[in-house]
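Here my numbering is used: position 42 in the sequence shown is 43, and no number is missing along the way.
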Amino acid sequence: MKKVLLVVAVVLMAISCKVDSKNKVETSEAQEVKGIESAVKDYVTVESSIVNWNGFKPTGEHFGTIGISEGTLNLIDGKLVG
């Protein structure tokens, strides 16, 4: 009986460690934003700004916040470019 349970456990581990090719993410090289010199710089209000993040995995998710000490946003035609 112990051998059967051991074999079942090993098989289940092997199945759960299978590589799933449908969840692969394609990446590309970073591209330079042209015309960023003309972007409007908007300074971040540190006291009232929060960055929230949420990460996902097959068995659940994680979330949290990141404190901001300083920063600027570069906007071109109202769109974030940097």
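Ideal placement from N, C-alpha and C gives every residue a C-beta, glycine not left out.
Query raised in the report: Out of curiosity, what's the CA-to-CA distance linking G79 and I37?
Result: Numbered from its first residue, the sequence shown carries residue 79 at position 78. Numbered from its first residue, the sequence shown carries residue 37 at position 36. Their backbone Cα atoms lie some 13 Å apart in a straight line.
Query - Assigned secondary structure, K4 (DSSP; H/G/I helix, E/B strand, else coil) - result: In the sequence shown, the residue the question calls residue 4 occupies position 3. DSSP, reduced to helix, strand and coil, places K4 within a helical segment of the structure shown.
Query raised in the report: Would a C-beta distance cut-off of 8 Å place I69 and V41 closer than the cut-off?
Result: Start at 1 with the first residue of the sequence shown, and residue 69 comes out as number 68. Start at 1 with the first residue of the sequence shown, and residue 41 comes out as number 40. Contact flag unset, no.
**Report entry** Minimum C-alpha distance to V47 - residue among L7, T73 and V11
**Finding:** Reading the sequence shown from its first residue, position 46 is the one you call residue 47. Checked all of L7, T73 and V11; the closest Cα to V47 is T73.
Query - Those runs of the beta strand (DSSP E) which lie wholly inside the region 2–82 and span at least 3 residues - result: Unbroken beta strand (DSSP E) runs of no fewer than 3 residues, entirely contained in the region 2–82, are found at 41–44, 52–58, 61–67 and 73–77, following chain order.
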